[in-house]
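Report on the following structure.
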Amino acid sequence: MDKVQVLARSRSDFAGGVDELTFRGTGTLDKTEYGYQLRYTAQNEADGSGVASEIRLETAQRRAVVISESKDGGYGLLLDPRRTTVTQIAGGDGGALTLHVETKEVSWHLPRRGEGHITLAYTLLLGTQALSALRLELTLTKEERDV
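Counting from 1, position 54 in the sequence shown corresponds to residue 54 in our numbering; the numbering is continuous, with no gaps.
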């Protein structure tokens with residue numbers, strides 16, 4: 001298990017414009033039997049709001065599972081570039097919105113030393129109508145261990 005500093009930059013393009021957010025935090029990166037698991041907590045630089053996320057990177061299938069939680073709720077995504085997947089996002093009225101997920105990119109470079117990168121790009125659709133195109137770029141800096 002490696003402790004990491006996390007810089008997360010997200011960009012969301014939607015009908016009303018563009019939303020760009022930057023989060024900074026800390027987490028752990030583990031090598032697993034299926035690939036990698038990143039767990040982190042981070043705060044939005046603009047308003048201080050927090051998020052807790054887990055990203056599982058599956059090496060054999062080159063896909064990712066994203067689980068994110070915040071005070072406004074949470075969601076889970078299967079990002080698979082080979083097929084469209086489905087997710088449900090909880091609504092404020094107790095219901096849930098079912099969305100299709102078209103994955104554009106799942107990539108990572110996580111060397112043993114130095115800086116690592118994870119890039120996730122996908123589009124959320126309601127039926128066949130695109131609601132938002134999202135791109136999440138994470139930079140991971142491993143904390144140096146005292147030897």
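Virtual Cβ for every residue (Gly too), placed ideally from N, Cα, C.
For clarity, every value in this text was computed on a predicted model and none was experimentally measured.
query                                                                                     : result
In terms of residues, what are the limits of the beta strand (DSSP E) holding residue 34? : Looking at the DSSP string, residue 34 is not in any beta strand (DSSP E), and its letter there is neither H nor E.
Under three-state DSSP, which class holds residue 47?                                     : coil
The beta strand (DSSP E) that contains residue 139, what's its start and end?             : 129 to 142
How about residue 132 and residue 12: are their beta carbons less than 8 Å apart?         : yes
Per DSSP, residue 3 forms a beta bridge with which residues?                              : 28
Tell me, please, which residues DSSP counts as bridged to residue 15.                     : Paired residue(s): none; residue 15 is not in a bridge.
Tell me the DSSP secondary structure of residue 56 in three-state form.                   : strand
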